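Read the structure below first, then the notes.
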Amino acid sequence: MSTAATTETKPATPAIEKIKVKVDGREIEVPKLMPDWSGKLTPTTMIQACELAKTDVPHYCYHPKLPVAGNCRMCLVEFGTPALGPDRKPILNPDGAPQVRKSPRPAIACATPISPGMEIYTNTPGVKQMREGVLEFLLINHPLDCPICDKAGECRLQEYSLDYGAAQSRLVEPKVHKPKAADLGPRIVLDDERCILCSRCIRFTRDIAGDDALGFINRGSYSTLTAYPGRVFDNNYTLNTVDICPVGALTSKDFRFQMRAWFLKETQSLCASCATGCNITIGSREEKIYRYEPRQNDAVNSCWMCDHGRLNYKWIGREDRLKEVRVRGQKTTWTAALNEIADKLKNTPAGSAAIVASARQTNEELWLLSKWKAKLGAVSDSIPRTGEGDRLLVSADRNPNTNGARLTGICFTEMGAQLPQIAHGIASGKIKTLIVFGEDVTQHGIGAELLDKLETLVVSDILPNATTQRAHYLLPGCAHAEKRGTFTNVKGRVQKFMKAVEPPGDARPEWEFLHDVVHHVTGRNGFLTIEGLFNELAKDVPAFNGLTWAGLGDTGATVPI
Amino acid sequence: MIVNRKPLTIWERLYLPAIAGGFKVTARHLFRSLFGGKTVTMDYPEQKWALPPDYRGAPYLVRDQDGNTKCVSCQLCEFVCPPKAIKITPPGPTGPMADRPNAEKMPLEFEINMLRCIFCGYCQEVCPEEAIFLLKDYSLTGQSRQEMVYNKEKLLALGGTHPGIQKWKHKLEEAKAQQDFPVKI
Amino acid sequence: MDWNFIIFSVVKIAIVVGVVQGMVAYAVLAERKISAWIQDRVGPNRAAPPFVERIPALGPALIRLGLFQPLADGLKFLLKEDFTPAGVRKAYFWLAPALAVIPSMLVIAVIPFGSHLGHQKMVIADLNVGILYTFGIVSLGVYGIVLAGYAANSKYPFLGGIRSSAQMISYEIAMGMSVIPVFLIAGDLNLSQIIGWQGRHGWLFLYAPVSFLIFLVASFAETNRLPFDLPEAETELVGGYHTEYSSMKFALFFLAEYSNMIASAAMMVTLFFGGWTLPFWGLDHPATSLGMGLLQILVFLVKMLSFMVLFIWVRWMFPRFRYDQLMDLGWRRFVPLALVNILVTAVVLWMKS
Chain A
1127 MSTAATTETK PATPAIEKIK VKVDGREIEV PKLMPDWSGK LTPTTMIQAC ELAKTDVPHY
1187 CYHPKLPVAG NCRMCLVEFG TPALGPDRKP ILNPDGAPQV RKSPRPAIAC ATPISPGMEI
1247 YTNTPGVKQM REGVLEFLLI NHPLDCPICD KAGECRLQEY SLDYGAAQSR LVEPKVHKPK
1307 AADLGPRIVL DDERCILCSR CIRFTRDIAG DDALGFINRG SYSTLTAYPG RVFDNNYTLN
1367 TVDICPVGAL TSKDFRFQMR AWFLKETQSL CASCATGCNI TIGSREEKIY RYEPRQNDAV
1427 NSCWMCDHGR LNYKWIGRED RLKEVRVRGQ KTTWTAALNE IADKLKNTPA GSAAIVASAR
1487 QTNEELWLLS KWKAKLGAVS DSIPRTGEGD RLLVSADRNP NTNGARLTGI CFTEMGAQLP
1547 QIAHGIASGK IKTLIVFGED VTQHGIGAEL LDKLETLVVS DILPNATTQR AHYLLPGCAH
1607 AEKRGTFTNV KGRVQKFMKA VEPPGDARPE WEFLHDVVHH VTGRNGFLTI EGLFNELAKD
1667 VPAFNGLTWA GLGDTGATVP I
Chain B
-18 MIVNRKPLTI WERLYLPAIA GGFKVTARHL FRSLFGGKTV TMDYPEQKWA LPPDYRGAPY
42 LVRDQDGNTK CVSCQLCEFV CPPKAIKITP PGPTGPMADR PNAEKMPLEF EINMLRCIFC
102 GYCQEVCPEE AIFLLKDYSL TGQSRQEMVY NKEKLLALGG THPGIQKWKH KLEEAKAQQD
162 FPVKI
Chain C
8 MDWNFIIFSV VKIAIVVGVV QGMVAYAVLA ERKISAWIQD RVGPNRAAPP FVERIPALGP
68 ALIRLGLFQP LADGLKFLLK EDFTPAGVRK AYFWLAPALA VIPSMLVIAV IPFGSHLGHQ
128 KMVIADLNVG ILYTFGIVSL GVYGIVLAGY AANSKYPFLG GIRSSAQMIS YEIAMGMSVI
188 PVFLIAGDLN LSQIIGWQGR HGWLFLYAPV SFLIFLVASF AETNRLPFDL PEAETELVGG
248 YHTEYSSMKF ALFFLAEYSN MIASAAMMVT LFFGGWTLPF WGLDHPATSL GMGLLQILVF
308 LVKMLSFMVL FIWVRWMFPR FRYDQLMDLG WRRFVPLALV NILVTAVVLW MKS
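Protein chains in written order, with this note's numbering: chain A, 1127 to 1687; chain B, -18 to 166; chain C, 8 to 360.
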């Protein structure tokens, strides 16, 4: 893992000097140096000072996680510095305060460092006029096709035009027309007419993704964003340019004309496609997921996520999802099935059961399974899932909760080591009961002929597979977007995710019915809410000690692994 | 405030003048409507109101003068609709292109539930494309609830044509005029 | 056994009942039409069987008059669901409409609606005590209403029933006393004899105008017509005693109310307006020819219908009385007035003799 994007919050170096500046007449103290996009300490800029002062400065090209370009001119502000006399001493007002002399020229807030005693004015008539002028320039050749544009509703050009722009265009000449709906890559559509040439996408793909694929050609009104001739913009991070594009120039092919942004319900969640655990926001409407967007978490994914993870949501809405509780192929109710399972398992002799859990389950579910395991004296394991990692975000471990499975005791250091033993146990008839959660064990050494030998096969899964077909007890589970819970990522970050959509049919969150069964089997009482369950888990598992559901916040907490 | 009630005279207390007055008034109306033909009732299906020019009837989709769908599926009407009567299915990335040049988008399906619609006119007001108008229809009937959900085809057929500035066509013409774009990409 | 008498009686009964029923139906239409005209509306003008429209000129005119509306109404009443609400006292609930209709039909039996047709007297039962019979039967009418109000087991019908019983009992006294001067003057209780007396001496309302006035007002109250329709009072009691009724049972109450109106109109014509007589063209004597007989029936019907129109007209003219006003008018005005009326008539007759 490179640290370029995932800057772990380091303990602040205490030696940074603080300086006093005034923002719109309010005096604040800001550090003299602040981390820039790459985490390097650089002199604090005016826009950072304004942000600390909670004053909004409109901007297009500036992005806290990208190198500063300073080409949109939207963040122009007026400022003043203490006047110096011929003796290089500050000139004092009669009341003893230093006299501040306003600079005759404005400055771009994103690239101008602050100096002691500086005063920044973001709200003067001059600043307002400048913003209006910049917006008028940006809109000269803008097609104003908001009704069609996918960005409408979350477009900076719309927002700032409303807040700072003039209501009417003074332009009578025909607009310059540029390529529309240009195919930039497999996942990106570019509308050059909408582009305001802020170069955020160019900087992102060059400096963050390391794939220098985009650039401007031509001059003046004819400046056009394009991919280098013969190159396709197809790296694994292209869709981040859609997020950072302040207008609708770059749009996602996947989300193109799917749903208007303002209809989407936003749910804080996590990406479950690899062990990195990128923080995401799920956009859903009427129980249908429309998109994933990265959510800023500097300890994990900064502002980015990979295209693979982002587009890996469509299976959640698949038609062939498991929707019915089935006992030996017959549809039944949760109560009936769970009672029957509990009765069976209560009388299972120790050592005759095995559990295959999934590292795609949440900490809470795995912990409940471990309680079960302890009661049954069962062998348990999970199934490793690996792929190729990259230097930015993608982890080689493709299970979102490998560390959770380890910490809760479902498997130990070497995941998958117990599987042959379980297969052998079934073959020899020692193991008569197998409990499988979210995995197709037929793909992992426990073949269909072995499953047929079992007395009891309890399977919970989301999509049908060879194992679910043979299940004696089939319990439909939920995708992570349909329930709440926590994952522990590859670096030991425990993060929680929220429920975006309702599960289909009779499907229930695994932790709910697991809790019921564990209650029946072990007799221990627990909590009926995910908050209570997590808090109990945190007390029980040493690594999680001291954590609480509420304490996890939006960005999680790190545990030792 | 205290209003003193005037005591009735003997003549009034006999009720007779009131009765006579009642007969007079009712008789006048009776003869007027019987022989003068002066009734306030309108023979509705045969006779109809002259609707005022700003009357708000049922909302329908309109086509432009070239017969193309004006709606671009921006879904603002769906958003603004107070009773949530409008349901638009956007085309998605694979859906059909708009049936007029240069406008990339057109609704895959556009449904208005006329049982829900309250004829408020917000959809007409919010529409950036002048594609939906409240026309003069007020008598909407159907045999089932499903029948009262008007789909895109029906709405377009009922809406007819509304000539307008044809923004998208104009853009296309402008772009064509710039064929000698300095550098070909 | 006089077979002739039985056959003719049955025929007369059939005709009279048929005519009364038809009149009820068209009285409802008249009510709706007259109310419409008074209120500047047009009233029912649509319902018609399909073929009527094709009759040139006449067909559309008949439809506009609403002449087929009663057919449609009747059909509707027959086809509507006959709903018996839960919690009603079923036996009484079913009995009440019948109890309301029967007396209203029975009253008509003693009304002489003509003099003679051939050798037949145009009255179903020419009783010596005709007027007493009438009062006896009329007072039974209240049971239907009271029973309906009681059986429905619901507060509005109950209030309607209570009001109705009080109102009818109160006004029966005034009504009964108002006709005593008539008998004093005519000297007979037989209605045919009273008509005969009027044919010879002139109509009785000239002799006993006060009696007529009290009788008129009391009959409004007895038939529950506005301005005395407190038992029904849609605005307060949601229809009063027949709130819980639907379909044909509801129609029976309607039938009873309009039959009562017809009976009241017939009584007034008989007692005060010379029945089938007219003081000219020799119509003041019992008919000697078939034509004269028919003409006298016609005269009777015209007089009666005029009173029906009056009933209807008044309904659309006055607001409803308040309950205390109603009782005040009945007990403190009409009862003393009727008593004085009797006294004065008696004294005048005594002085004359």
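Each residue gets a CB set at the ideal place from its N, CA and C atoms; glycine is no exception. These numbers were taken from a predicted model, which means no experiment stands behind them.
Cβ contact (3+ pairs, closer than 8 Å) linking the stretch 1207 to 1226 of chain A and the stretch 1165 to 1177 of chain A
no
At least 3 beta-carbon pairs within less than 8 Å: the stretch 1530 to 1543 of chain A vs the stretch 1438 to 1453 of chain A:
no
Residues of the stretch 19 to 34 of chain B with Cβ closer than 9 Å to any Cβ of chain C, in chain order
K19, T20, V21, T22, D24
Other residues of its chain near A/V1620: CB distance less than 6 Å, five sequence neighbours each side excluded:
T1612, T1614, G1682, A1683, V1685
Output needed in chain order: residues of the stretch 311 to 322 of chain C with a Cβ under 7 Å from some Cβ in chain B.
W320
Between the Cα of C/F222 and the Cα atoms of C/V276, C/A98, C/A105, which residue gives the shortest distance?
C/V276
Of all Cβ atoms in chain B, is any one closer than 8 Å to the Cβ of A/R1357?
no
Taking the beta carbon of A/D1221 as the centre, do at least 16 other beta carbons fall within 10 Å, making it buried, or is it exposed?
exposed
Can you tell which of A/D1578, A/E1245, A/E1466, A/E1262 has its C-alpha closest to the C-alpha of A/G1151?
A/E1245
A/R1610 to A/T1582, Cα distance in whole Å?
29 Å
Taking CB distances under 8 Å as the criterion, tell me whether A/F1383 reaches chain B.
yes
May I have the straight-line CA-CA distance separating A/L1659 from A/E1490, to the nearest angstrom?
7 Å
How about C/A225 and C/A173: are their beta carbons less than 8 Å apart?
no
Burial state of C/S360 (16 or more Cβ within 10 Å):
exposed
In whole angstroms, what is the alpha-carbon distance linking A/H1570 and A/A1592?
12 Å
C-beta neighbour in chain B for A/R1386, strict 8 Å
yes
I need the boundaries of the beta strand (DSSP E) containing A/I1343, first residue and last residue.
1340 to 1343
For the alpha helix (DSSP H) containing A/K1457, list its first residue and its last residue.
From DSSP, A/K1457 is part of no alpha helix (DSSP H) but of the beta strand (DSSP E) over 1456 to 1458.
Rounded to whole angstroms, what's the CA-CA distance from C/V23 to C/L139? Just pull it up for me.
21 Å
Taking 8 Å as the CB-CB cut-off, is B/K86 touching chain A?
yes
Rounding to the nearest angstrom, what Cα-Cα distance links C/L213 and C/A273 in this structure?
18 Å
Counting only C-beta atoms, is A/K1301 closer than 8 Å to chain F at any point?
No chain F is part of this structure, whose protein chains are labelled A, B and C.
Around the Cβ of C/W288, are there at least 16 other Cβ atoms within 10 angstroms (buried) or fewer (exposed)?
exposed
Whose Cβ in chain B lies nearer than 8 Å to the Cβ of C/I20?
Within chain B, no residue comes near C/I20; the closest Cβ sits about 36 Å away, beyond 8 Å.
Counting contacts by CB-CB distance shorter than 8 Å, is A/P1269 in contact with chain B?
yes
Could you check what DSSP says for A/Q1384 in three-state terms: helix, strand or coil?
coil
Out of curiosity, what's the CA-to-CA distance linking A/T1674 and A/A1223?
50 Å
For C/E38, collect the residues of the same chain with a Cβ closer than 8 Å to its Cβ; drop the 5 residues on either side in sequence, then sort them by chain order.
I319, R322
Reduced DSSP category for C/V17 - H, G, I as helix; E, B as strand; rest coil
helix
Exposed or buried, which one is C/L333 when buried takes at least 16 other CB atoms within 10 Å?
buried
Under 8 Å, Cβ to Cβ, is there at least one residue of chain A near B/G76?
yes
Range of the contiguous alpha helix (DSSP H) that encloses C/F385:
Past the edges of chain C, shown from 8 to 360, lies residue 385 of chain C, and the structure says nothing about it.
Distance, C/P104 Cα to C/Y157 Cα:
12 Å
From what residue to what residue does the alpha helix (DSSP H) around B/P40 run?
Here B/P40 belongs to no alpha helix (DSSP H); instead the beta strand (DSSP E) covers 40 to 42.
Within chain A, partners of B/A156 - CB distance below 7 Å
H1303
C/Y5: first and last residue of the uninterrupted alpha helix (DSSP H) it sits in
Lying before the first or after the last residue shown, residue 5 of chain C is absent from chain C, which here runs from 8 to 360.
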